[in-house]
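Numbering (my numbering), first residue to last: 100 to 652.
Structure follows, in structure tokens:
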């Protein structure tokens, strides 16, 4: 029931929450396994996607390692999967540089950063192609239907599916004239593939204590722009990764320049959300980064055509939660499958989903309530070997960039993940220092040609939210921002949000500062739910189809 309204109920064998690379790979693998049985149509699978269409909310670098796709759809080349342009293997086409404010020093790239055999393209386009393959196999896909609630069996406590978000509520939460209650999608198994810091994924992680024994997850915020550049500046298949400037010694992160096909260049900066300076603005840092001599010449004279942002899980092997529970499993970014030193996660998201699908299929066949062998299946796959080998690289940077680079070289060339120790992580929200311990940053004004404002940028994300609906960014305590975040941290929400959603304004009568939330600008990056020092922001799914609509990101 939803406020007394009876909800329609749909029944499936498996419901997949999320139509990104993980969710689609899981659905495809399930139907492939079903096709090997006596009754291929016996297994009913549906995918729920919160974006207006498949790919609308998909954003990645995207340097795509086809390893998982080779296993899932071996003939993807013949079927013309739109992975983009192959990485150029010619000398000098691929480089790793350490930047200072005025120089770029080329570094030897460790083996795990080599990109030969990879492709530079659009994750959204790849997801749209995967969706076509899934539908060919009989998967039902429903874009514009965000899952907003986990359904539990009242007697066993097991997950029994999800309910989609109510549509047509007024801003105060009351049903409007066009109100439609959400739909209960009941399934024998639910696969949570929502992406990073998924709303429902985090709920089941807490309910079933899936992080017990694991390190806290740590995150980065990736901000990406897509440019159209002149032919004489374009070298398709070439790529540049950068470390150092504009970030300081103790702020983890780096930039990328991926030269795609047809004159398109993807540029971006990832900033670790464990930074401690409340005055740091990841958005302003990427604007500064573009002015460096290693990047500026590529973009000058070009046109920025798209913008977006997304958090990414950086915790690695030691931060993976338990992946199975009664009635469901986790996979992809929802679980934390990403190889940070390799600067890639799509292949891991897909492979984790394929392994999860195999475990779920086996559980369905034995009528088990939990795919309990999923953990062992992951341990036995190349997921484990790849992630274990680099598990200590990201946490080593807590000692600073110089020490982190030295340790990374030691791991890459000598130890190769065989160390008997595993370095620990810490919660990102707990790292922020009080504002009086740091100096305000004077970021340069945007020039409108190479550097831009937040609002100019959000326009290029095609973001839309119905202004009449309830705010999907909910404060557990509405007084905390004024009582804690403003006086202690100088209002960090205004700076860590890449879309200008949060702003502090003085009261007309008292002059006291209060937090204003422009949720219509939200890019669904999840940075606020991760970085808020009081953990006071609850990110809920808005109405179906709302949010960004990325064309080629």
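No residue lacks a Cβ here, since even glycine has one placed at the ideal position from N, Cα and C.
Under the three-state DSSP convention, the category residue i falls into
i, result
"residue 600", "coil"
"residue 487", "helix"
"residue 100", "The pLDDT assigned to residue 100 is 45, lower than 50, so where the model puts this residue is not dependable; a value taken from the coordinates is nonetheless given after this. In this structure, residue 100 counts as coil in the three-state DSSP scheme."
"residue 140", "helix"
"residue 240", "strand"
"residue 197", "strand"
"residue 530", "helix"
"residue 525", "coil"
"residue 409", "strand"
"residue 372", "coil"
"residue 629", "helix"
"residue 556", "helix"
"residue 287", "strand"
"residue 467", "coil"
"residue 453", "helix"
"residue 652", "coil"
"residue 60", "Residue 60 lies beyond the residue range present for the chain, which begins at 100 and ends at 652; the question has no answer from this structure."
"residue 475", "helix"
"residue 272", "coil"
"residue 311", "coil"
"residue 358", "strand"
"residue 613", "strand"
"residue 569", "coil"
"residue 503", "helix"
"residue 351", "coil"
"residue 619", "helix"
"residue 418", "helix"
"residue 148", "strand"
"residue 178", "coil"
"residue 548", "coil"
"residue 367", "strand"
"residue 482", "helix"
"residue 258", "strand"
When the options are compared against residue i, the one with the closest alpha-carbon
i, options, result
"residue 490", "203, 287 and 314", "314"
"residue 307", "385, 424, 359 and 402", "424"
"residue 278", "579, 365, 104 and 127", "104"
"residue 112", "581, 133 and 587", "133"
"residue 477", "381, 493 and 447", "447"
"residue 431", "270, 292, 458 and 531", "292"
"residue 335", "362, 329, 374 and 346", "362"
"residue 580", "616, 404 and 608", "616"
"residue 492", "503, 482, 484 and 498", "503"
"residue 337", "191, 127, 577 and 166", "191"
"residue 128", "541, 470, 452 and 225", "452"
Enclosing alpha helix (DSSP H) for residue i [first to last residue]
i, result
"residue 511", "No alpha helix (DSSP H) contains residue 511, which DSSP labels as neither H nor E."
"residue 595", "592-595"
"residue 122", "120-134"
"residue 397", "395-398"
"residue 495", "492-495"
"residue 588", "585-588"
Contact test: residue i Cβ vs the ligand SAM heavy atom, cutoff 6 Å
i, result
"residue 536", "Ligands in the displayed structure: none, and consequently the ligand SAM is not present."
Per DSSP, the bridge partner or partners of residue i
i, result
"residue 640", "BP columns for residue 640 are empty, so no partner."
"residue 279", "266"
"residue 403", "326"
"residue 438", "443"
"residue 171", "None, per the DSSP bridge assignment."
"residue 205", "196"
"residue 579", "For residue 579, which the question treats as bridged, DSSP gives no partner whatsoever."
Boundaries (first-last residue) of the beta strand (DSSP E) holding residue i
i, result
"residue 226", "Element bounds for residue 226: not the beta strand (DSSP E) but the alpha helix (DSSP H), 222-235."
"residue 298", "That residue, residue 298, is in no beta strand (DSSP E); its alpha helix (DSSP H) goes 298-306."
"residue 115", "108-116"
"residue 248", "246-251"
"residue 342", "338-343"
"residue 428", "427-429"
contact_flag[the region 191-207, the region 332-342] where n(CB pairs < 8 Å) is 3 or more: A contact exists between the region 191-207 and the region 332-342.
The region 177-189 in contact with the region 201-220 per 3-pair CB rule at 8 Å: Result yes; three or more Cβ-Cβ pairs closer than 8 Å.
Cβ contact (3+ pairs, closer than 8 Å) linking the region 442-451 and the region 390-402: With a cut-off of 8 Å, the region 390-402 and the region 442-451 do not count as touching, because too few Cβ pairs lie within range.
Segment contact flag, the region 161-177 with the region 245-259, C-beta cutoff 8 Å, min 3 pairs: Not touching, per the Cβ criterion.
The region 138-146 touching the region 115-127, judged by at least three CB pairs closer than 8 Å: Counting C-beta pairs with one atom in each stretch, the region 138-146 and the region 115-127 have three or more that are closer than 8 Å, which means they touch.
Inter-stretch contact at 8 Å, needing at least 3 Cβ pairs: the region 366-374 / the region 312-326: Because the criterion of three Cβ pairs below 8 Å is met, the region 366-374 and the region 312-326 touch.
Inter-stretch contact (C-beta, 8 Å, three-pair minimum) for the region 424-438 and the region 297-305: Yes: at least three Cβ pairs fall under 8 Å.
The region 626-638 touching the region 550-564, judged by at least three CB pairs closer than 8 Å: No: fewer than three Cβ pairs fall under 8 Å.
Inter-stretch contact at 8 Å, needing at least 3 Cβ pairs: the region 567-575 / the region 264-274: The region 567-575 vs the region 264-274: in contact.
Given 8 Å, three or more beta-carbon pairs between the region 505-515 and the region 468-483: No contact exists between the region 505-515 and the region 468-483.
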